[in-house]
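Going by the working numbering, the first residue of the sequence shown is number 2, and it counts up by one from there.
Ideal Cβ positions, reconstructed from N, Cα and C, are used throughout, including at glycine.
Just so it is clear, the structure is predicted and the values come from calculations on it, not from any experiment.
Worksheet: the structure to be examined is printed underneath.
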Amino acid sequence: MAGPRQRLGFRSVVAASIVGLLLAPPTFPNHIVMHGGPFGGVVIGLLPHPAQPDTLYLAAFGSGVYKSLDGGRRWTAASSGLDDLTVLTLAMAPREPAVLYAGTDSGVFVSRDAGATWRRTGSGASDRNIRSLAVVPGRPTVLYAATDRGVLWSWDQGATWAPRSFGSVPRDLRVIRVDPSNPARLFAAGFGGVVRSDDEGRRWRTASSGLADLRVRALAIDPSRSEVLYAGTAGAGVFTSTDGGGRWRSFNEGLRNLTVLSLLVTLEGERLAGTVGGVYRRGPGGAAWELVGEEILTLTITFVASSPHRPGTIYAGTGGLLFVSENSGRHWRELAVSVAAAPAPLATSAAEAHSRNERR
Numbered sequence: 002m003a004g005p006r007q008r009l010g011f012r013s014v015v016a017a018s019i020v021g022l023l024l025a026p027p028t029f030p031n032h033i034v035m036h037g038g039p040f041g042g043v044v045i046g047l048l049p050h051p052a053q054p055d056t057l058y059l060a061a062f063g064s065g066v067y068k069s070l071d072g073g074r075r076w077t078a079a080s081s082g083l084d085d086l087t088v089l090t091l092a093m094a095p096r097e098p099a100v101l102y103a104g105t106d107s108g109v110f111v112s113r114d115a116g117a118t119w120r121r122t123g124s125g126a127s128d129r130n131i132r133s134l135a136v137v138p139g140r141p142t143v144l145y146a147a148t149d150r151g152v153l154w155s156w157d158q159g160a161t162w163a164p165r166s167f168g169s170v171p172r173d174l175r176v177i178r179v180d181p182s183n184p185a186r187l188f189a190a191g192f193g194g195v196v197r198s199d200d201e202g203r204r205w206r207t208a209s210s211g212l213a214d215l216r217v218r219a220l221a222i223d224p225s226r227s228e229v230l231y232a233g234t235a236g237a238g239v240f241t242s243t244d245g246g247g248r249w250r251s252f253n254e255g256l257r258n259l260t261v262l263s264l265l266v267t268l269e270g271e272r273l274a275g276t277v278g279g280v281y282r283r284g285p286g287g288a289a290w291e292l293v294g295e296e297i298l299t300l301t302i303t304f305v306a307s308s309p310h311r312p313g314t315i316y317a318g319t320g321g322l323l324f325v326s327e328n329s330g331r332h333w334r335e336l337a338v339s340v341a342a343a344p345a346p347l348a349t350s351a352a353e354a355h356s357r358n359e360r361r
């Protein structure tokens with residue numbers, strides 16, 4: 002059995018492939034190499050249940066959706082009816098937690114039975130790479146999608162999709178967020194900077210002043226002060242805005258790795274950045290970022306997510322593995338997960354995705 006150093010070394014071999022997956026424009030590589038993770042794909046997002054502390058959903062690019070009922074120790078494949086396993090994002094209607102959405106390389110799928118079965122949503126989204134989904138708080142039938150060709154929106158739980166971006170909106174989007182204090186306000190970001198809408202996406206304006214790198218991969222809104230935003234870029238680190246995107250400034254003190262793939266702001270005010278070289282933490286009022294968790298220092302972090310039920314509990318994904326911290330990221334442990342009914346390996350599914358994109 003390989004020792005800890007050997008395992009870390011092997012994981013670093015695939016870091017470049019994972020970064021390529023997350024940073025490259027719409028066509029995905031067909032040569033992604035995995036390192037034996039239990040999920041059979043690159044773990045790319047985690048969605049906690051809003052009312053059941055031990056229920057988690059996991060998105061894995063190349064192998065679909067997984068569900069855990071015990072806090073992440075045991076997982077079951079939850080991809081029945083999901084005919085595209087290149088899952089890039091998951092979303093849930095907080096008031097209707099049995100309704101889930103999965104964004105894939107070829108459109109949006111919906112589950113109305115807590116992930117037991119899935120079906121493809123209506124017309125208008127099937128020819129898009131869906132990178133990010135957002136359900137409007139208080140309006141569970143309305144959702145937005147950030148795609149490789151702008152913003153889409155649906156007003157009927159995905160039965161119908163229509164374009165919702167014009168003019169200044171970058172085509173190659175990576176993330177979309179709804180302001181938690183104002184559901185009419187949207188922020189979208191991608192390889193072209195940040196844009197903002199104050200009227201549910203009818204009109205957009207550029208919100209990138211001060212960004213030194215317009216290749217924005219991550220965007221986070223402070224849940225306590227929604228005018229405070231954070232943007233993670235592909236090469237210039239983290240930027241922050243205190244006026245809703247009107248002006249940005251560098252927020253890189255202590256941040257040694259400037260390729261940022263994910264950002265998280267917790268209810269407690271902790272800020273965490275997932276990079277191609279571990280997780281950085283910046284506490285409330287902190288003057289600088291701190292590289293935390295010797296267990297994951299060399300790993301490419303594909304996402305960071307928090308538990309809404311257990312303050313200080315943070316999840317991080319890397320390659321095919323899942324880590325958890327119970328002290329706001331200071332220390333991490335790998336979840337020794339058990340996965341039932343795992344689907345086909347990543348290589349096959351990623352190759353199919355690449356072939357589809359080449360034919361577009």
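Let me make sure I understand the geometry here. Which of Glu-269, Ala-235, Ser-263, Gly-211 has the alpha-carbon closest to that of Arg-226?
Along the sequence shown, one-based indexing puts residue 226 at 225. The shortest C-alpha separation from Arg-226 is found at Glu-269.
Measure the beta-carbon distance from Leu-86 to Gly-65 and round it to whole angstroms, keeping in mind my assumption that it falls under 8 Å.
The residue labelled residue 86 in the question sits at position 85 within the sequence shown. The residue labelled residue 65 in the question sits at position 64 within the sequence shown. About 4 Å; that satisfies the 8 Å criterion.
Among Leu-262, Leu-101, Tyr-281, whose alpha-carbon lies nearest the alpha-carbon of Leu-256?
The residue given as residue 256 occupies position 255 in the sequence shown. Closest by alpha carbon: Tyr-281.
Going along the chain, which unbroken runs of the alpha helix (DSSP H) with 4 or more residues stay wholly within the segment 131–159?
none
Tell me the rounded alpha-carbon separation between Tyr-67 and Val-170.
The sequence position of residue 67 within the sequence shown is 66, counting from 1. The sequence position of residue 170 within the sequence shown is 169, counting from 1. Answer to the nearest angstrom: the Cα atoms are 33 Å apart.
Report buried or exposed for Gly-37, applying the criterion of at least 16 other Cβ atoms within 10 angstroms of its Cβ.
As a first step, residue 37 must be located in the sequence shown, where it is residue number 36. Confidence at Gly-37 is low in this model, with a pLDDT of 44, below 50, so its placement is unreliable and the value that follows should be read with caution. With fewer than 16 Cβ atoms within 10 Å of its Cβ, Gly-37 is classed as exposed.
Burial state of His-50 (16 or more Cβ within 10 Å):
As a first step, residue 50 is located in the sequence shown; it is residue number 49 there, counting from the start. So His-50 ends up on the buried side.
State whether the segment 103–115 contacts the segment 70–78, with contact taken as three or more CB pairs (one from each stretch) at a distance under 8 Å.
no
What does Pro-49 pair with, by DSSP beta-bridge criteria?
Here the question's residue 49 lines up with position 48 in the sequence shown. Answer is Leu-57.
Thr-241 - containing beta strand (DSSP E), residue span
Taking the sequence shown and counting its residues from 1, one reaches residue 241 at position 240. Taken as a continuous stretch (DSSP letters only), the beta strand (DSSP E) holding Thr-241 covers 239–242.
Judging by CA-CA distance, which residue of Gly-168, Ala-135, Gly-104 is the nearest neighbour of Gly-193?
Translated into positions along the sequence shown, residue 193 becomes position 192. The candidate whose alpha carbon is nearest that of Gly-193 is Gly-168.
When you compare each of Ala-274, Ile-315, Leu-70 to Ser-329 by their alpha carbons, which one comes out closest?
Numbered from its first residue, the sequence shown carries residue 329 at position 328. Of the candidates Ala-274, Ile-315, Leu-70, the one whose C-alpha sits nearest the C-alpha of Ser-329 is Ile-315.
What is the residue span of the beta strand (DSSP E) that Glu-97 lies within?
In the sequence shown, counting from the first residue as 1, residue 97 sits at position 96. Note, Glu-97: beta strand (DSSP E), 97–105.
Proximity below 8 Å, CB of Phe-304 to CB of Ala-289:
On the sequence shown, residue 304 is found 303 positions in, with the first residue counted as 1. On the sequence shown, residue 289 is found 288 positions in, with the first residue counted as 1. In this structure, Ala-289 does not lie closer than 8 Å to Phe-304 by Cβ.
Nearest-angstrom beta carbon gap, Arg-331 and Phe-324 [assumed within contact, 8 Å]:
The residue given as residue 324 occupies position 323 in the sequence shown. The residue given as residue 331 occupies position 330 in the sequence shown. Wrong, their Cβ atoms sit about 13 Å apart, outside the cutoff.
Use the C-beta contact count for Gln-158: other C-beta atoms within 10 angstroms, 16 or more gives buried, fewer gives exposed.
Residue numbering aside, residue 158 sits at position 157 when the sequence shown is read from its first letter. When all chains shown are included, Gln-158 counts as buried.
Out of curiosity, what's the CA-to-CA distance linking Ser-54 and Ala-78?
Here residue 54 is taken as the residue at index 53 of the sequence shown, counted from 1. Here residue 78 is taken as the residue at index 77 of the sequence shown, counted from 1. A small fix is needed here, since residue 54 is Pro in this sequence, not Ser. About 19 Å.
Please name the residue in Tyr-102, Leu-47, Glu-254, Arg-311 whose C-alpha comes closest to that of Arg-283.
For this step, residue 283 is matched to residue 282 along the sequence shown. The option with the nearest alpha carbon to Arg-283 is Glu-254.
What residue ranges within the segment 189–234 form continuous beta strand (DSSP E) runs of no fewer than 3 residues, ordered along the chain?
194–198, 217–222, 230–234
Extent of the continuous beta strand (DSSP E) to which Phe-304 belongs
In the sequence shown, residue 304 corresponds to position 303, counting from 1. It spans 304–307 - the beta strand (DSSP E) in which Phe-304 sits, taken as one unbroken run.
What residue does the beta strand (DSSP E) around Ser-69 start on, and which one ends it?
Position 68 of the sequence shown holds residue 69. Where Ser-69 is concerned, the enclosing beta strand (DSSP E) stretches over 65–69.
Roughly how many whole angstroms lie between the Cα atoms of Pro-224 and Val-340?
In the sequence shown, counting from the first residue as 1, residue 224 sits at position 223. In the sequence shown, counting from the first residue as 1, residue 340 sits at position 339. Those two C-alpha atoms are separated by around 33 Å.
Burial state of Thr-300 (16 or more Cβ within 10 Å):
The count along the sequence shown starts at 1 and reaches residue 300 at position 299. Checking the sequence, you will find Leu at residue 300 rather than Thr. Leu-300 comes out buried.
Proximity to Gly-191 [Cα-Cα], best of Thr-148, Ala-60, Thr-267:
Residue 191 sits at position 190 when you count from the first residue of the sequence shown. With distances taken between Cα atoms, Gly-191 lies closest to Thr-148.
Tell me Arg-282's beta-bridge partners as DSSP assigns them.
Within the sequence shown, numbered from 1, the residue matching residue 282 stands at position 281. Paired residues: Leu-273, Glu-291.
By the three-class DSSP mapping on this structure, what secondary structure does Glu-335 have?
What you label residue 335 is simply residue 334 of the sequence shown in a count that begins at 1. Here Glu-335 sits in strand by DSSP.
Have a look at Ala-160, Ile-222, Ala-237 and flag the residue whose alpha-carbon is nearest the alpha-carbon of Val-176.
Counting from one through the sequence shown, the residue named residue 176 turns up at place 175. Nearest option by C-alpha distance: Ile-222.
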